[in-house]
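Undergrad:
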Amino acid sequence: MNSTFLFVATCLTIALSWQSTILGGEVAAKKAGNYHKLVESCPGLTWYLPLQSLDDVLTREGRAQGDQPQIVPGPDEGTALHFSGTTTLTFGPTPDLDTEEAIIELWFRPEFTAPAQFNPCLIAKRESGDHRQTRWSIHVHGDYSGIDLWNGREVASYQPATGPLKPGQWYHLVVVSTKAGTTVYLNGVPCLPPRQSWQINRSERNRPLNIGSSQPAGAEFFVGVICHVAVYSRALTEQEIAAHMDAMGFQAVRLAEQAKYEERRRAEAEEQARLEEAREKRRRELMEDPSLFARGVPTVYEKEHLSAIDLPVGGIGVGAIHMDGAARRHAWQIFGQVAYRFVPHSFFAVRVSGDNRTVERILQTIPEEGLPPMAEVRLVARYPVARYEFVDPEMPAQVALEAFNPFIPTNLRDSAIPCAVYRMTVTNPTKHRLSVTVLASQLNATGYRGDGTIESVRHPNFGGNVNRVVRKEGSTWLTMGQSKSANSGDGLVLFMKGDRVHGVPAWTDLAQLRESIAETAGQLDAKEVSAGPSPAGETLKGALWRSFDLEPGQTQTVTCVLTWFFSDLPAGTGKWSCRGRRYEAWWHGAEEVAAELDARLPELEAATRLYADSLYETNLPYWFVDRMASQVAILRSPTVFWCRDGYFGGWEGCNLDAGCCPGNCNHVWHYAQAHARLFPELGRLMREQEFRFQKEDGAIPHRQPDEFPAFDGQCGAVLNSYREHLLSRDSEWLAKNWASIKRAMDYIIRRWDSDEDGVPSGPQWNTLDGELGGASSWLGSLYLAALAAAEKMAQLQGENDVAARYHRIRLSGQVKQDTMLFNGKYYIQIPDPEPHEDYGQGCAIDQVLGQWWAHQLDLGWVYPSEHVRTALASLFRYNFRGLMKGLPQKPRKFVADEDAGMQMFTWPPGTEPPEKVIRYASEVMTGFEYAAAAAMIQAGLVREGFTVVRAIALRYDGRKRVGLTPGNFTSWGYSGNPFGDDECGKFYARAMSSWSLLLACQGFIYDGPAQTIGFCPTWKPDDHVSFFTAAEGWGVFYQKREPGRQVDTIELRLGQLPLAKFITLPDNALPKHGECQKGGESIPVQVETDQGRVVCRLAQPIVLHAGEKVSFILTY
């Protein structure tokens, strides 16, 4: 007979015998001995401790540490032990409790004062010291809100379905943790589980058992009463749990709790139905909003839409100076640290006189230095250029402040200059002359390393600081250094352009500064004047200014540039670290950087503005282009650093005081597209670094320098490599790196597809920080795309046998995966028999991730196109939520209740999540949303894709959202900044997947070595305009359709574009004739068709240069 049946029957028989003694709903007999018998008779009992006296502890060879527990009345007629908050009962290693399934049962009465400073521990198998040495640990949350479980790696919080716990009340607790998942019962009722799965830490064995605190030495002490502790090796059923409660005389309590539980479930079902109706209504509103497709107007951030602004200015990998919505430089990250630090006495100000009055304002809306602020400001940002326009009824002039630094696609070095450019523009709208002074003040922060706070001019690392004001031809410099680091070139330079610029190397207060300005009126300073060295622990603050008159209607602009140079700054962590920044290889100090900027600023600024103008020339909606452009700000944040030796480091994002998740994590960074599309050199550099740490067997650490491989990261390395080849001017890079790429592909096959049927199997570590088991379209489609890319590269390298192998596996996989995983609505996962972190019948946001990649690389359809479209339509239907209110977001809440978003996984009606569900399932994260939206656009679901992106744009509209998950590895508790999205930290790298939206809208095709470019727009194919980048240049593409005619024009704005072949998509007809025109001349062209696309082959390749354009005219 089945042993489980015998076990259940035995316990139920005993329970029924107890229930037979019930009279009037009260248990007549409440004797402890009878409860003992019930527990002890249950098969699977491993350990039972009544805890009615210390004798029970001694019997188990345990000992009490701290204050002696007191004997008090228990929940029955027996006794129990009271823990005063300094007591630990510890029992040594207890290896007999290290069972594969942990079921812990106990009674407790909490009496601690809330909120506690920690979460009091009831019972734990845990070592002292290192908190990771934990098998399991059970706590009451410090505010009585629920039960917390810890396994040395993560906390899971279980909320009582009937409301928070109450001090002074008895509770019956059962934790059932099996390989299928974990359930917590409180007073016989299941608690509300966290969305992420939680397991005991089976790798931790022989850890001490502790009661009343979490560690043998004492920590997280419990105050209250505990008794009847039992540990089982197999799960208790709900009937058995109920029988135990009833045997203790708590049947009435259990039934009351059960009634509350059922009532809550009924009320929640009604509320969810109401919310679901509201979500659907909001989703329809977003889809039908006229602004979804309208070109609109440039985005303006003002009023509450400035509250979350955090815009980094600085070169790539050199640190940044952040500007907030007040136009204040509120965070300086140029000293090698990630933590936000403020540099005082560093500001811009303006004084305007005219019509018998003078008005002074600091150029921000927060007062500082005793200067009154501007009344209001509005921000217009076409990243990388930000323009703050001030409004103040007392100010007679119109004043604006622009901030940017050189950012020039395909020119990585000039986009990595350690500098910030500030331009103050003043206009006279009055009818009388205005006298204007524009001032820039800067603290000499040389010596500071971001450690602690600068108090006015004081910090322990200051001392010996020296400032000089030096007049140059066409500009005046304020150089700031430190005598002890003079040879290193460390320091800052602030220079102001113009012939009549004045300055002081040091000032103490506003009165003195005003006096200095008055004294220089109408005269020039000496060629050089200096101040310092400063006393130990102190530094200097200097200032530059320029005065001029404005006639009515006139405008003048004052340009300030700040450069910095700090040698030997640390970056990274542990083995993944370096010292020094890349700028040290190009310059020898801040003055050399300033000299280059002083000489080249017109050129660098023109190219930067040309990029912004070209990007925004598109007829895509302004808000849509903002989403693509703004995420490039991540390259300016401390998420990335560029080492002196050339290594380019990428965290995943930024924590409050350090980078978040190290090692150029390839399962995150393979989503990012902006960095490699804008700077192909950077993409190739990151691949070469990846191969530097590749193992002999082909495995690539998912975190450099040495970690195990992740399935998706390994596939991403292959796909990225093909992208890097396509974005090269020739095949030299591929030839050099092909051996590494092939080893990476072969490792995937050998490790996860040993039978070469094209369907991965076994545990597959992935970007959701766990192992997915079995077959899934998420990772399976990524595998197929990698095979397709590897096949192409093998062909290019002349290894046709290798290409044939990849081709065979890919074709098998395409058929088998589609047959196995497409359920008629969407693609699913078929888990392994051994549960991993699975999603089973769930609808996954990344279910066709490989198709997203394949379209970007022109690799065709991974699965049947109609199935992909159906799956993406289902994804939008099931996962996109018009409102997040009432929906779980666990473990991290990234989206405010009133906002919309696409959840990672949902289980449509008729399906259920597996017991051991994949983590982060209910979260909403933009990097995944952008990829899914781009896949929708690629597949022709343009409205759906735009709706997903519109929801993100509204979430990051500059308004600060609070009440989100606080702390590190989150959004820090708030969100809304348009310039760098949140995930595991701020400025998260995955959000650079947003650039794929542009590629999807334009249907971009590019192969640099083959001199091929093409466009098959999904966005307004009849009248399309969009920005594009190539290996050595960039420009704007135009497509215009008229009856019987299509004209495609490529206009190159910068660099060069070798061109031998152009590909386009005709308008439902094959062309009768094609021609090519460049500069008014016709170029011979051969027109072919290939799988519905038109291919125009030039008789002789041409090279487009900046300012040139070429047109292809097709007639039907």
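Numbering (our numbering), first residue to last: 924 to 2039. A virtual CB, placed ideally from N, CA and C, is assigned to each residue, including glycine. Just so we're clear, the structure is a prediction, and the values are computed from it rather than from any experiment.
1. The alpha helix (DSSP H) with threonine 1849 in it runs from where to where?
2. Quick check on tyrosine 1155: does DSSP put it in helix, strand or coil?
3. Got a sec: is the Cβ-Cβ distance from valine 2018 to anything in chain B below 7 Å?
4. Taking all protein chains shown into account, decide if leucine 1734 is buried (16 or more other Cβ within 10 angstroms of its Cβ) or exposed.
5. With DSSP as the reference, label histidine 1593 as helix, strand or coil.
6. Do asparagine 1390 and asparagine 1367 have their C-beta atoms closer together than 7 Å?
7. With distance defined between alpha-carbon atoms, name the residue in Ala1794, Gln1554, Ser1500 nearest to phenylalanine 1571.
8. I'd like the ranges of any beta strand (DSSP E) spanning at least 3 consecutive residues and lying wholly in the stretch 1004 to 1085.
9. Mapping the DSSP letters down to three states, classify lysine 1407 as helix, strand or coil.
10. So the beta strand (DSSP E) proline 996 belongs to, where does it begin and stop?
11. Residues in the same chain with beta-carbon distance under 6 Å from glutamine 1925, minus the five sequence neighbours each way, listed in chain order, please.
12. If I measure Cβ to Cβ from valine 1361 and keep anything under 6 Å in the same chain, skipping five residues before and after, which residues do I get?
13. Should the stretch 1402 to 1410 be called in touch with the stretch 1232 to 1251, which here means at least 3 C-beta pairs below 8 Å?
14. Do glycine 1805 and arginine 1206 come within 7 Å of each other at the CB atom, strictly closer than that value?
15. The beta strand (DSSP E) spanning glutamate 1225 covers which residue range?
16. Here's a check: name, in chain order, each residue in its chain whose Cβ is nearer than 6 Å to the Cβ of phenylalanine 930, leaving out the five neighbours to either side.
17. Which of helix, strand or coil does DSSP assign to phenylalanine 2041?
18. Beta carbon of asparagine 1587, beta carbon of alanine 1633: below 7 Å?
19. For arginine 1603, which option in Thr1952, Leu1982, Pro996, Ala1175 has the closest C-alpha, if you only look at C-alpha atoms?
20. What is the DSSP secondary structure of lysine 1963, reduced to helix, strand or coil?
21. Excluding sequence positions up to five away, which residues of its chain have a Cβ less than 6 Å from the Cβ of valine 1563?
22. Using a Cβ-Cβ cutoff of less than 6 Å, which residues in the same chain neighbour phenylalanine 1869 once the five nearest sequence positions on both sides are dropped?
23. Assuming threonine 1562 is part of the alpha helix (DSSP H), what are its boundary residues?
24. Please go through the same chain and pick out, in chain order, the residues whose beta-carbon is closer than 6 Å to the beta-carbon of proline 1235, but skip the five residues on each side of it.
25. In this structure, does DSSP put arginine 1197 in helix, strand or coil?
26. Classify asparagine 1542 as helix, strand or coil using the three-state DSSP reduction.
27. Would you kindly report the start and end of the unbroken beta strand (DSSP E) that includes tryptophan 970?
28. Report the rounded CA-to-CA distance for isoleucine 1285 versus glutamate 1227, giving the unit in angstroms.
29. Just to confirm, is the Cβ distance from valine 1959 to glutamate 1451 under 7 Å?
30. Could you tell me whether the stretch 1689 to 1705 touches the stretch 1772 to 1789, using the rule of 3 or more Cβ pairs below 8 Å?
31. Could you tell me how far apart the beta carbons of serine 1553 and tyrosine 1311 are, in whole angstroms, since I believe they sit closer than 8 Å?
32. Indicate the three-state DSSP secondary structure (helix, strand or coil) for glutamate 1757 in the structure shown.
33. Kindly indicate which residue of Ile1841, Ile1164, Arg1188, Pro1090 has the alpha-carbon position closest to the one of alanine 1039.
34. Tryptophan 1701 to alanine 1767, Cα distance in whole Å?
35. Count the C-beta pairs between the stretch 963 to 983 and the stretch 1104 to 1113 that are closer than 8 Å, then say yes if the count reaches three, no if not.
36. Are glutamate 1180 and asparagine 1110 close, meaning C-beta to C-beta below 7 Å?
TA: Straight from the coordinates:
1. The continuous alpha helix (DSSP H) containing threonine 1849 extends over residues 1849 to 1861.
2. Three-state result, tyrosine 1155: strand.
3. This model lacks chain B altogether, as it is built from one protein chain only.
4. Leucine 1734 is exposed by the Cβ-count criterion.
5. Reduced to three states, the DSSP call for histidine 1593 is coil.
6. Contact flag set, yes.
7. Looking at the Cα atoms, Ser1500 is the closest of the given residues.
8. As far as the stretch 1004 to 1085 is concerned, its whole beta strand (DSSP E) runs of at least 3 residues are 1011 to 1013, 1025 to 1033, 1044 to 1049, 1057 to 1063, 1070 to 1073, 1078 to 1081.
9. Helix at lysine 1407.
10. In this chain, the beta strand (DSSP E) harbouring proline 996 covers 993 to 996.
11. The beta carbon of glutamine 1925 sits closer than 6 Å to those of Phe1938, Pro1940, Ser1949, all from its chain and outside the five residues before and after it, given in chain order.
12. Around valine 1361: Val1273, Met1347, Arg1469, Val1481.
13. Result no; under three Cβ-Cβ pairs closer than 8 Å.
14. Closer than 7 Å, so yes.
15. Taken as a continuous stretch (DSSP letters only), the beta strand (DSSP E) holding glutamate 1225 covers 1223 to 1225.
16. Here phenylalanine 930 scores only 34 on pLDDT, less than 50, and its place in the model should not be relied on; the value that follows carries that caveat. Excluding residues within five positions, the ones whose Cβ falls inside 6 Å are Pro966.
17. Outside the shown range of the chain (924 to 2039) lies residue 2041, about which nothing can therefore be said.
18. With respect to alanine 1633, asparagine 1587 sits apart: the two C-beta atoms are not nearer than 7 Å.
19. Note on residue identity: the sequence assigns proline, not arginine, to residue 1603. Minimum Cα distance to proline 1603 is reached at Thr1952.
20. Collapsing the DSSP output to three states places lysine 1963 in a strand.
21. Counting only Cβ-Cβ distances below 6 Å, and skipping sequence neighbours, we find Gly1240, Gly1573.
22. Leu1215, listed in sequence order.
23. Threonine 1562 -> no alpha helix (DSSP H), and no H or E assigned at all.
24. Within the same chain, proline 1235 has close Cβ partners Ala1243, His1245, Ala1556, Arg1559, Ser1560.
25. If DSSP states are grouped into helix, strand and coil, arginine 1197 belongs with the helices.
26. Reduced to three states, the DSSP call for asparagine 1542 is coil.
27. First-last of the beta strand (DSSP E) with tryptophan 970: 968 to 972.
28. Their backbone Cα atoms lie some 21 Å apart in a straight line.
29. Contact: no.
30. When Cβ pairs closer than 8 Å are counted between the two stretches, the stretch 1689 to 1705 is seen to touch the stretch 1772 to 1789, the count reaching three or more.
31. With 8 Å as the limit, serine 1553 and tyrosine 1311 do not qualify as a contact, their Cβ atoms being about 16 Å apart.
32. Three-state DSSP puts glutamate 1757 in coil, outside helix and strand.
33. Residue Pro1090 is the option with its Cα nearest to alanine 1039.
34. So the two alpha carbons sit approximately 8 Å from each other.
35. At 8 Å Cβ cutoff, the stretches do not touch.
36. A Cβ-Cβ contact shorter than 7 Å links glutamate 1180 with asparagine 1110.
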